[in-house]
């Protein structure tokens, strides 16, 4: 720090220019403090250079805060870049994409330069563009954007769920969006629905066949009784299922 300070001072002195330099100074208790040293050239009434007049400002707390902010920014940047879910940051004014992570590039098929030429509505089909533009103006704090369709670079559409929240990025109001591809889940739900419908149809058909069989056995039992023979089928479990009307006969 000493060499850097004297280099800044000497360079300014030779040119008779103002200077400002940050450096550390050891306090009496042994603790080093960050100082911002300002120097201004001083002249007399005849313009003769008299030297410098300066001031020192303790900026230790500011430096520590800046270091914490830098560490925090690096941490969240790492989380953004290495998140396995596709993520993007878009500007609230104009909805231009300002940043995308690696997962977005791999999942959507865009490289970073291509992605940053897009606006948020470009990811949606025509039928959803107007709705998402209106919703983007209403988002505040953390918001569940709901289920939508996103288009990949190859034109393929996928079902997605998106979450977003506000932040300041590149000195402007933005939102960061985390995207979950639910295409396979939706396809599985559709298959499950189809299987349930098929099972329901099968159950209805099976029930109808079983009831028809019970009715047939009841007719055979009735015929056996008319012939004075014991009924061959035990239908006690069937109760009143398909019982003929009172006074009627089975065919």
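In our numbering, the protein residues as written are 6 to 256.
Using N, Cα and C, we set each Cβ at its ideal position, and we do this for glycine too.
Counting the other CB atoms within 10 Å of its CB gives residue 112 a total of 16 or more, which places it among the buried residues. The beta-carbon separation of residue 237 and residue 225, rounded to 6 Å, stays under the 8 Å limit for a contact.
For residue 39, the secondary structure class from DSSP, reduced to helix, strand or coil, is strand. The residues 6, 37, 38, 39 and 40, in chain order, have a CB closer than 8 Å to that of residue 29 in the same chain once the five nearest residues on each side in sequence are set aside.
Here residue 141 is near residue 100, since their CB atoms are less than 7 Å apart. A residue is called buried when at least 16 other Cβ atoms come within 10 angstroms of its Cβ; residue 94 meets this threshold and is buried. Distance from the CA atom of residue 162 to the CA atom of residue 209, rounded to whole angstroms, is 37 Å. Per DSSP, the unbroken beta strand (DSSP E) holding residue 28 starts and ends at 24-31. As for any alpha helix (DSSP H) of minimum length 4 sitting wholly inside the stretch 189-246, there is none.
Distance check between residue 21 and each of 61, 32, 34 and 52 places 52 closest, using alpha-carbon atoms only. Of the candidates 187, 199, 242 and 87, 242 places its Cα closest to the Cα of residue 215. Uninterrupted beta strand (DSSP E) stretches at least 3 residues long and entirely within the stretch 135-175 occur at 148-156 and 162-174, given in chain order. Secondary structure note for residue 122: it is in no beta strand (DSSP E), with a DSSP letter that is neither H nor E. Exposed is the label assigned to residue 58, since fewer than 16 other Cβ atoms lie within 10 Å of its Cβ. Going by DSSP, residue 13 is part of the alpha helix (DSSP H) stretching over 7-20.
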